[in-house]
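The sequence shown maps to residues -22 to -1, 1 to 520 in mature numbering (1 follows the signal peptide of the UniProt record, and there is no 0).
One structure is given below, encoded as structure tokens.
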Amino acid sequence: MNNKIRRVELLFLPLLVLGLAACDGGNQQASSGEQVDAESSSVAVSSSSVASSIVPAGSSLSVPSSAAASSSVALDTVLFDIDSAAFCGGAGVLETTHLGFTGNAYFNGSNAQNAAITWQVNASTVGEYTFNIQFANGSDAERPATLSVNGEAAATLSLAPTQAWDAWQSEAAIVQLAQGENEIRLIANSAAGLANINYLSAIGNGISGGECPEPVVSCSGTADVDIAALMSCNGNPAECIFGGDEGHYHVAMEIDESFSGNLDVYAEARRKMISTPISNGGCVDFLVNVRSPEGQPIQNVDRGIDGLNLRLNQNAAILNGLSVKKVDNPTVLFIAGDSTVADQEPQLNKNPRSRFTGWGQFIPQYFNSAISVENYADSGEGTAAFRTDGGGLWNLINRNLKANDWVLIQLGHNDKTTSASVYRSRINGMVSAIKAKGATPVLISPMVRNTGSSLGSQHIYGGLNVRNELMRISNEHNVAFIDLMQLSSEWALSVGQSTAQTYFVDNDRTHSNELGADLFAKMIVDAIRQQNIALTDHLKNL
């Protein structure tokens, strides 16, 4: 099924209603065929019970005993299912696979923490209202969720197992609503995500469906604002779980004018997409590649969250508008490399200076939204994995490589047992194959290891002098060459080995942390500009 988020705005359908009337402290069920207007149904409630007027076949609507009125009053009961205009979308998809739901579909949320579903509810007066969530949970564990009202946590629901995905049950909570429009969100508290959601119903005085917000977005390319995408961003710092298929996505964000500060946006496996100061709001946009696994392609590591996901260093509240659009066949910057280049795991539990981070992981922030970065660097790999006669990582690049694409190549750290002739043959093969497709290769020498060794002794393995071989191939094929080995060596010499080590992971002399990855990425970007490589056209004007 297509997992792309979609907003649904359909008319209310006539609903089958079972009225419950109080009688001597108990509930008496009304006739099962009674019809009511879903926008404004009313029932009588005694001092000892609260009546429920929405009970789909085979299910019961629960109402906490604390919701009982102190005297007989008339309460409105309104059901907001997926067909309701009050349903504003969320991180997940609409499905009809399992039976027993009302309306045209139920909502299957993304299996991720903070994945959310949103409604807009109008209350005629300030006060307490009873909300019921009807759900199905065919797993063997609870799927706890926070019910929030206008951005504030109001209740926690367990969403316990219901034995089957077509066994629907209700869980209730009493919440305080403001007069007028109220944003209601159900937010997953665990990595399992939400249960399947059929509807939200509300019991109280003067309840009706609200209108989903339509923020005005002035960012270029965001004419079609994605409300579901905006509602998929939660928390402080914000996490956005969008779902969707593999491919390339254009993301545009309008930042509220009340915000001034530094904005960092990370995608997938901690790829740094945006790092920029914001003053009185503004717009940022970028292209991001979504694939599975979202980090290193062949390592035995966590594959990440399916679909597009982002993290911000700021509160989700700063987002005034958001657009997420899939883009077909954009210009792509491919990267071939090793662990010093790779999209390493997020490692969010560690200090940034202790997180293994490849420069390919942080270089996307320097490119504009006209190009997407696909990083196929992988730990422990050398030229063998990228050989054009069957290298597994080369095949991943070659399957989508097309005219006008670019390929950055940094290989050599892990070619300690490779002869000079074999190394030369493999790099030559990559260069020729890339050019044959109308794409452009750029050769990059590996950064130095922070051992204090001189430039002339770095990355020499027997008869293989990696830097010399790359310079030779560059001259023979008229291919751009960025001497990151020299640039990093001169830098390390200028700051001293001790200071240089703060840019590497703890006592590791080879692998950069976030500071180092950003430094080496910036060295490459500066060299692209200084050499006037045509890739400059895709760099941001920083």
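Cβ coordinates follow ideal geometry from the N, Cα and C atoms, glycine included.
Have a look at the options and flag the residue whose alpha-carbon is nearest the alpha-carbon of residue i.
| i | options | result |
| --- | --- | --- |
| ALA145 | LEU137, ILE152, ALA151 | LEU137 |
| ILE60 | TYR84, THR477, ASN212, GLU323 | TYR84 |
| ALA180 | LEU371, GLU159, ALA123, VAL99 | VAL99 |
| GLN322 | ASN267, GLY299, GLN277 | GLN277 |
| GLY299 | ILE506, ALA206, PRO255, TRP384 | ALA206 |
| ASP54 | ALA132, TYR107, GLY68 | TYR107 |
| SER403 | PHE364, ARG487, SER236, ARG507 | PHE364 |
| ALA295 | PRO342, ASN287, MET231, PHE459 | MET231 |
| ILE252 | VAL229, PHE237, SER236, PRO271 | VAL229 |
| CYS66 | GLN112, ALA90, LEU178, THR134 | LEU178 |
| ALA348 | LEU471, SER357, VAL262, THR395 | VAL262 |
| THR75 | ASN176, ALA123, ALA64 | ASN176 |
| LYS250 | ILE341, GLN475, ARG507 | ILE341 |
| PRO255 | PHE237, SER126, ASN456 | PHE237 |
| ALA142 | PHE334, ILE405, PHE113 | PHE113 |
Would residue i and residue j qualify as a contact pair, given that the criterion is a beta-carbon distance under 8 Å?
| i | j | result |
| --- | --- | --- |
| ILE422 | ILE387 | yes |
| GLY259 | ASP234 | yes |
| PHE109 | ALA151 | yes |
| PHE498 | HIS489 | no |
| GLY336 | VAL268 | no |
| HIS391 | ASP484 | no |
| ASN92 | ILE219 | yes |
| HIS226 | LEU265 | yes |
| ARG450 | MET463 | no |
| VAL420 | ILE375 | no |
| ALA381 | ALA414 | no |
| VAL503 | LEU517 | yes |
| ALA411 | LEU465 | no |
| ALA119 | TRP97 | no |
With a cut-off of 8 Å on the beta carbons, I'd call residue i and residue j a contact; round off their distance for me.
| i | j | result |
| --- | --- | --- |
| GLY338 | ASN353 | 4 Å |
| SER88 | GLY285 | 7 Å |
| ALA247 | GLY273 | 3 Å |
| PRO308 | SER257 | Their Cβ separation, rounded to whole angstroms, is 29 Å, which puts PRO308 and SER257 out of contact at 8 Å. |
| PRO275 | ASP383 | Actually they do not touch by this definition, with Cβ atoms about 17 Å apart. |
| LEU379 | PHE312 | 7 Å |
By how many angstroms is the C-alpha of residue j removed from the C-alpha of residue i?
| i | j | result |
| --- | --- | --- |
| LYS500 | PRO330 | 18 Å |
| VAL104 | GLY182 | 10 Å |
| SER210 | ALA362 | 41 Å |
| ALA170 | ARG427 | 41 Å |
| SER102 | GLN157 | 6 Å |
| GLY78 | GLU149 | 17 Å |
| ASN167 | GLN436 | 49 Å |
| ALA512 | ASN214 | 39 Å |
| SER397 | GLY440 | 8 Å |
| ALA132 | SER62 | 23 Å |
| GLY68 | ASP515 | 36 Å |
| THR366 | GLY407 | 6 Å |
| ALA16 | ASN82 | Note that ALA16 has pLDDT 33, beneath the 50 cutoff, so the model's placement of it is unreliable and no number is given. |
| ILE283 | ALA90 | 7 Å |
| LYS304 | SER399 | 43 Å |
| THR477 | LEU471 | 10 Å |
| GLY188 | ILE162 | 10 Å |
Looking at the unbroken alpha helix (DSSP H) that takes in residue i, where does it start and where does it end?
| i | result |
| --- | --- |
| SER472 | 462 to 473 |
| GLU454 | 444 to 455 |
| VAL409 | 398 to 414 |
| SER492 | It is Glu, not Ser, that sits at residue 492 in the sequence shown. Counting along the chain, the alpha helix (DSSP H) containing GLU492 begins and ends at 492 to 508. |
| LEU371 | 370 to 376 |
| PHE340 | 337 to 340 |
| residue 532 | Look at the range of the chain in this structure, -22 to 520, and you will see that residue 532 is not part of it. |
| ILE205 | 205 to 209 |
For residue i, verify whether its CB is less than 7 Å away from any heavy atom of the ligand NAD.
| i | result |
| --- | --- |
| VAL71 | What this structure holds is no ligand at all, so the ligand NAD is not there to describe. |
First and last residue of the beta strand (DSSP E) that includes residue i?
| i | result |
| --- | --- |
| TYR244 | 239 to 245 |
| PHE263 | In the sequence under discussion, the amino acid at residue 263 is Asp, which differs from the Phe named in the question. Note, ASP263: beta strand (DSSP E), 260 to 268. |
| GLU232 | 225 to 233 |
| LEU286 | 286 to 290 |
| MET251 | 249 to 256 |
| LEU311 | 309 to 314 |
| CYS218 | 217 to 221 |
| ARG163 | 158 to 166 |
| LEU517 | Careful: LEU517 lies outside any beta strand (DSSP E) and carries neither H nor E. |
Any C-beta of chain D sitting closer than 8 Å to the C-beta of residue i?
| i | result |
| --- | --- |
| ILE252 | In the structure shown, chain D cannot be found, because there is only a single protein chain. |
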